[in-house]
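Order-wise, the sequence lines are chains A and B. Position one of the first sequence corresponds to residue 246 (our numbering), numbered consecutively onward. Position one of the second sequence corresponds to residue 246 (our numbering), numbered consecutively onward. Just so it is clear, CB atoms sit at the ideal spot from N, CA and C, and this is done for glycine as well. Nothing here was measured: the structure is a model prediction, and the numbers come from that model. Here is the structure we will look at.
There are 2 protein chains.
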Amino acid sequence: MTSEASTGEKGGVRPRPTLAAVARLAGVSVSTASLAFSGAGPVSDATKARVAAAADELGYAGPDPRAQSLRRGRSGIIGVVIEERLSDAFRDPMNIALLDGIADVTGAAGSGLLLLTETGDDRAGISSAPMDAIILIGCSTSLEEAVAIVRQRGLPIVAVEARELEGVLPIGLDNRAASATGARHLRSLGHSDIGVVTLPLERSHVPRPLPADWERVATAHTSAERLRGVLDVYPEARGFAASASTIEAGREAGLALLAGDRATVPTAIVAQSDLLAIGVIRAADEVGMIVPGDLSVVGFDGIRGEVLGGIDLTTLVQPAVEKGRAAGRAALQLLDGGPAEPADFTSVFHPGGTTAPPRTR
Amino acid sequence: MTSEASTGEKGGVRPRPTLAAVARLAGVSVSTASLAFSGAGPVSDATKARVAAAADELGYAGPDPRAQSLRRGRSGIIGVVIEERLSDAFRDPMNIALLDGIADVTGAAGSGLLLLTETGDDRAGISSAPMDAIILIGCSTSLEEAVAIVRQRGLPIVAVEARELEGVLPIGLDNRAASATGARHLRSLGHSDIGVVTLPLERSHVPRPLPADWERVATAHTSAERLRGVLDVYPEARGFAASASTIEAGREAGLALLAGDRATVPTAIVAQSDLLAIGVIRAADEVGMIVPGDLSVVGFDGIRGEVLGGIDLTTLVQPAVEKGRAAGRAALQLLDGGPAEPADFTSVFHPGGTTAPPRTR
DNA sequence: GCGCGTAGTCGAATCGATTCGACACGGGCA
DNA sequence: TGCCCGTGTCGAATCGATTCGACTACGCGC
């Protein structure tokens, strides 16, 4: 009878054996088999061995995660919502570092990361994927919407660098203060006319000069905060919104700010990311300006390595990986029911070789 | 009685309402509620409306994905296994492009991507995450192991650029042939002494000269194939295995190959990735060699954009995004029970400005 | 006017595990 | 000798949905 077990010997698409089958073969009840398998509960060694043998014989691959997650009310999956296309989001090393930090923590806790892109109207994932918690990163525009959906599902929400929102645990960065520090550095060097290259401010990532009503139209929290930080010090700064956090977009923005007579262009530019800063430097190079002689450039992020091409960028170094870890930890704590305290990270000013006093003209 | 619905008005951790609760409030059976909600089956408009109203009142967020996935035997999740740490894997734009291609297809089909890293002994994800299929990318060393686990779970497996393996649907690239094409290009230019910088060949990513017994110790399929392609044309080529697919690792390898008397170093280097190639070019620059005057360099991948820094690299352009799409499609087909045919992609040789005839010496 | 098909609804089984409470048995302690 | 408790095992409820088969009316055709 139970020798139907041998079915699996060779056949084609044999259905996955269940715990019940294992129990039957081992001659014990399902509950005992479960106990034996999970190690919880008192089970005699002999029984344990028989169950193990039966499982082995049937090729039982362990409890079905679907059934398990239903019963336990946990799926062991944490959703990560990324606003843009993956290829866009991952162009910036900061996002990768962030994700790496998250993966570091959640991976260690045995949770998987479910990547949810928010492109188009693909709400499907957010509204119906099996998750225990969700981490929003780089989500600006549609934040409210996403939060509403997720909240209705009763999932804990962690948001990295988002504006305060009811029921959302924030992982913050001192964007405004840090940017102000960078700006003050320029002021102390003697700069009085500076430009700002911002990250995309609104949903439509169209590169353009900063509109006067940017406060009203801005939906990207990080960009807005960093901009405020600069304006705190230089209320008159001219701005240009880049189309993305890439070198190319930075170059484009840089060319726009540096166009015109040398006497009328800013003597320093604050870029809201290091990639943008590198682009600005490239633009300066193209219009024949020397950095930092003719133009000082400040970045943000503190990326390292190849992309910099050996440049020692003056920038604000943010602990991206650590930020990711904090987000991961917070998500885990929340889904454990425990309270998680919001984290706030601080960027460190790194004076590099791309800033200097303005050339007297 | 049923006014307990109002509990959710403000309270703390109200448990998520179930379909049963909705049905009760609407005064219909659970089965009818289910039918009404999913739209399947004949339900009168009046009933549908009442169910919808009840769901609305209770704040029902739709069927619990966990229960759904148990019943349906599907979780709507596709696992993507990445061998290394995310920050390492995503340093190479090719991997991002690949993932983007996968996400493109699976996202459109409503499936989420579960990121599983294979760092350490963290088999947890692979062996127990709720997934419907799995895609292995850049998995070399521990391929067999991973495949064994997943196969026992009865999941369809798609592997990108892996060696043939029973029960695994391969998505291939003409690594060997394409590399040979690159090598023949060098031969036709007149080079007779070339070097190869390979991607990591084994688990331990230690940079070192290619050992004589590399065939035996190599576990990375892609690297090995690309190497074979070059050796097909230049059996005597000297090799150096880089520690990663990064510019820095390429530079390091380049310096190693270019050390010594100018007369004894290779006149051309084939790098197994564009990032490595850029590193090699940087190394050449450092030791005072001009590319392509003193040294020709061939890459692999066909990355574009900033990292290249304006270099027109001679390389083999592979359709990475398309490869990802194919992998995604294959996974979807397999989990639909349908047969999926393996895909094989072809790289296109792009003659750039980094190769030239060797300087006569 | 009778029977049959169908729209609409419901009850119950099912997916595969976990876990609580109950039960039987044997040994230690009073 | 009798009682209690811990160990090992089992049955049954439960998680939350989907879906099959059955049942009730009702309308239509013959």
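Between which two residues does the beta strand (DSSP E) harbouring residue i extend?
i, result
"Gly417 of chain B", "414-418"
"Asp589 of chain A", "588-590"
"Leu553 of chain B", "Leu553 of chain B -> no beta strand (DSSP E), and no H or E assigned at all."
"Ala407 of chain B", "Taken as a continuous stretch (DSSP letters only), Ala407 of chain B belongs to no beta strand (DSSP E), as it is neither H nor E."
"Ile462 of chain B", "It should be pointed out that residue 462 of chain B corresponds to Val in this sequence rather than to Ile. Looking at the DSSP string, Val462 of chain B is not in any beta strand (DSSP E); the run it does join, the alpha helix (DSSP H), is 459-462."
"Val222 of chain B", "The structure shown does not extend to residue 222 of chain B, since chain B spans only 246 to 606, so no value can be given for it."
Taking 6 Å as the limit between beta carbons, can you name the residues of its chain near residue i, skipping five residues before and five after?
i, result
"Pro262 of chain B", "Leu303, Tyr305"
"Phe282 of chain B", "none"
"Pro603 of chain A", "Gly435, His436, Thr512"
"Gly256 of chain B", "In this prediction, Gly256 of chain B has a pLDDT of 32, which is less than 50 and means its spatial position is unreliable; what the coordinates show is noted afterwards. Hits under 6 Å: none found."
"Met246 of chain A", "Confidence is the limiting factor: at Met246 of chain A the pLDDT is only 35, short of 50, which leaves the residue's position unreliable and the question unanswerable from this model."
"Ser332 of chain B", "none"
"Ala393 of chain A", "none"
Leaving out the 5 sequence neighbours to the left and right, which residues in its chain are closer than 8 Å to residue i when beta-carbon positions are compared?
i, result
"Ala374 of chain B", "Ile322, Gly324, Leu359, Leu361"
"Leu500 of chain B", "Ala528, Glu531, Val532"
"Glu409 of chain A", "Pro415"
"Ile371 of chain B", "Gly324, Val326, Leu361, Glu363, Ile379, Ala391, Ile394, Val395"
Can you tell me which of the options puts its alpha carbon nearest to the alpha carbon of residue i?
i, options, result
"Glu470 of chain A", "A:Arg421, A:Ala457, A:Asp477", "A:Arg421"
"Pro401 of chain A", "A:Pro587, A:Ala576, A:Ser592", "A:Ala576"
"Thr464 of chain B", "B:Ala407, B:Ala504, B:Pro308, B:Asp419", "B:Ala407"
"Asp519 of chain B", "B:Ala501, B:Gly544, B:Gly495", "B:Gly544"
"Gly357 of chain B", "B:Ala378, B:Ile371, B:Ser274, B:Pro338", "B:Ala378"
"Gly272 of chain A", "A:Pro584, A:Arg336, A:Pro260, A:Lys293", "A:Lys293"
"Glu586 of chain B", "B:Asp438, B:Gln517, B:Val403, B:Val536", "B:Val403"
"Val552 of chain A", "A:Asp337, A:His595, A:Trp459", "A:Asp337"
"Met376 of chain A", "A:Arg317, A:Glu329, A:Ser433", "A:Arg317"
"Gly412 of chain B", "B:Asp419, B:Ser424, B:Gln397, B:Val275", "B:Gln397"
"Arg269 of chain A", "A:Pro260, A:Glu328, A:Val296", "A:Val296"
"His430 of chain B", "B:Thr443, B:Thr605, B:Phe594, B:Gly505", "B:Phe594"
"Val326 of chain A", "A:Gly307, A:Val395, A:Leu476, A:Arg311", "A:Val395"
"Ala348 of chain A", "A:Pro537, A:Ala572, A:Ile548", "A:Ala572"
"Leu558 of chain B", "B:Ile526, B:Pro584, B:Asp539", "B:Ile526"
"Ala508 of chain A", "A:Gly474, A:Ala489, A:Leu540, A:Ala498", "A:Leu540"
"Gly484 of chain B", "B:Ala265, B:Pro308, B:Gly474", "B:Gly474"
"Ala428 of chain B", "B:Pro445, B:Asp477, B:Glu390, B:Met339", "B:Asp477"
According to DSSP, what are the bridge partners of residue i?
i, result
"Ala516 of chain B", "B:Val442"
"Ser541 of chain B", "B:Ala513"
"Pro454 of chain B", "B:Phe485"
"Leu361 of chain A", "A:Val326"
"Thr559 of chain B", "B:Val543"
"Arg378 of chain B", "Here the sequence assigns Ala to residue 378 of chain B, which means Arg is not the residue at that position. Note: Ala378 of chain B sits in a beta bridge opposite B:Ile323."
When we look at the beta-carbon of residue i and count the other beta-carbons within 10 Å, is it buried (16 or more) or exposed?
i, result
"Val462 of chain B", "exposed"
"Ala298 of chain B", "exposed"
"Ile382 of chain B", "buried"
"Asp589 of chain A", "exposed"
"Ser314 of chain B", "buried"
"Ile535 of chain B", "exposed"
"Pro454 of chain A", "exposed"
"Val510 of chain A", "buried"
"Val451 of chain B", "exposed"
"Arg496 of chain B", "buried"
"Ser433 of chain B", "exposed"
"Glu481 of chain B", "exposed"
"Thr605 of chain B", "exposed"
"Gly538 of chain B", "exposed"
Considering just the uninterrupted stretch of the alpha helix (DSSP H) at residue i, what are its terminal residues?
i, result
"Ala281 of chain A", "275-283"
"Thr292 of chain A", "290-303"
"Thr351 of chain B", "338-353"
"Val392 of chain A", "388-397"
"Leu580 of chain B", "565-580"
"Val475 of chain B", "466-478"
"Glu497 of chain A", "492-503"
"Arg604 of chain B", "Unbroken run through Arg604 of chain B: none, as it is neither H nor E."
For residue i, which residues in the same chain have their Cβ closer than 7 Å to its Cβ, ignoring the five residues on either side in sequence?
i, result
"Glu249 of chain A", "Caution applies to Glu249 of chain A, whose pLDDT of 36 falls short of 50 and renders its modelled position unreliable; the model cannot decide the point."
"Val288 of chain B", "Thr277, Leu280, Ala281"
"Gly355 of chain A", "Gly321"
"Lys568 of chain A", "Leu343, Gly346, Val405, Ile416, Leu418, Phe590"
"Phe335 of chain B", "Ile341"
Within 7 Å: the Cβ of residue i and any heavy atom of the ligand FMN?
i, result
"Ile382 of chain A", "Of the ligands one can find in the structure shown there are none, so the ligand FMN has no counterpart to examine."
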